[in-house]
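Reading the sequence shown from the start, the letters are residues 23 to 150 in the working numbering.
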Amino acid sequence: MYYGHVSTASNRADWQEAVVLTDADTGELIDISLCRVTMTLIRMPRNPNNPYRDGYYGYDCGPLLKGSTDTGEITLPDVGTFMWTFTAAQMAALSQGEYQIGVRISQDDRTAQLIVGTVNVVEGIDMQ
């Protein structure tokens, strides 16, 4: 499992990231062609000592972006590789700030957490 920061995204551009999965012992690509990959993005919790700003504890618990191989936001373009793509229109719904991201992979009755991390979304500025 990767735990950390995902590269910064703009709220005025497509957000596309590719992740390659390799076997830690052999270095070979892992075949995920029969797997389901899902991703959820939520607002990063703010200061719990200030419950009045932006709602209780400062965040909305609901997902702001969701993607899956079922719905097409996540694709499997190559052996061992999955890629998510969210359009500029989808990203425009996000205000500048830090968000939490989670990615899981499943096949049959097994599920594994691949990513738990954060992503910074910056204001894209260009309004043309």
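Ideal placement from N, C-alpha and C gives every residue a C-beta, glycine not left out.
With a threshold of 7 angstroms, establish whether the CB of G89 neighbours any heavy atom of the ligand NAD. Here there are no bound small molecules, and the ligand NAD is not part of this structure.
Notebook entry, point to check: Start and end of the beta strand (DSSP E) containing A31?
Noted result: 24-32
Alpha helix (DSSP H) containing M113: first to last residue? 110-113
Requested in this report: Determine, using beta carbons only, whether T140 and Q122 come nearer to each other than 8 angstroms.
Outcome: yes
query = With distances taken between CB atoms, is the gap from T60 to S90 smaller than 8 angstroms?
reply = yes
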